[in-house]
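Working notes, beginning with the structure itself.
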Amino acid sequence: MACSSGTTTSSLKTSSSEEDLQLIMDERKRKRKLSNRESARRSRIKKQNQLEEMMAQISQLRKENEQIFNRMNLTTDLYVNIESENSVLRAQMNELENRLNSLNEIGSFLNNGGGGFHHPIHHHHQQQQQIQICDDIDVSFFMNNNPWNPNSFPMMAAGPSSADMFMY
Numbered sequence: 003m004a005c006s007s008g009t010t011t012s013s014l015k016t017s018s019s020e021e022d023l024q025l026i027m028d029e030r031k032r033k034r035k036l037s038n039r040e041s042a043r044r045s046r047i048k049k050q051n052q053l054e055e056m057m058a059q060i061s062q063l064r065k066e067n068e069q070i071f072n073r074m075n076l077t078t079d080l081y082v083n084i085e086s087e088n089s090v091l092r093a094q095m096n097e098l099e100n101r102l103n104s105l106n107e108i109g110s111f112l113n114n115g116g117g118g119f120h121h122p123i124h125h126h127h128q129q130q131q132q133i134q135i136c137d138d139i140d141v142s143f144f145m146n147n148n149p150w151n152p153n154s155f156p157m158m159a160a161g162p163s164s165a166d167m168f169m170y
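The working numbering puts the sequence shown at residues 3 to 170.
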């Protein structure tokens with residue numbers, strides 16, 4: 003009988019240590035599950051925060067994009083207006099150059115005695131007088147009183163329609 007009681011004690015010790023081992027393993031498993039849950043919760047919170055930051059960044063970028071687009075439209079409008087104005091000014095400059103050339107031709111004609119022939123002795127005296135005569139010419143008289151001169155009509159620029167006419 004001694005044999006049988008020793009085996010029973012040994013098997014009780016084994017079963018008790020197996021139970022203890024099982025309890026320890028269950029406790030570790032429970033702690034690991036709890037740790038995993040906590041880690042997953044932190045990961046979800048982190049992901050949610052990242053998503054909120056990205057949504058705020060998207061909103062900010064959209065606002066900046068709209069501001070840039072508005073500035074681009076304003077700049078484009080200003081460019082078109084300035085380009086139109088430049089076209090009008092170029093046309094006016096060409097017109098004024100043509101008028102100046104006509105006036106210079108008239109002044110030259112008058113300085114040369116109306117197209118007549120001159121005596122060579124008076125040629126030097128005439129060149130000195132040429133400057134004087136050019137300075138004495140009333141330009142408005144020739145510009146305003148010649149109905150055959152197409153340049154005698156003032157160039158008018160009124161509104162965007164006339165500016166568009168000179169655009170290209």
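Note that beta-carbon positions come from the ideal geometry of N, C-alpha and C, so glycine has one too.
Under the three-state DSSP convention, the category residue i falls into
{"i": "Asn114", "result": "coil"}
{"i": "Glu21", "result": "helix"}
Per-residue burial, residue i [other beta carbons within 10 Å of its own, 16 or more giving buried]
{"i": "Gln130", "result": "Here Gln130 scores only 46 on pLDDT, less than 50, and its place in the model should not be relied on; the value that follows carries that caveat. The residue in question, Gln130, is exposed, as its Cβ has fewer than 16 Cβ neighbours within 10 Å."}
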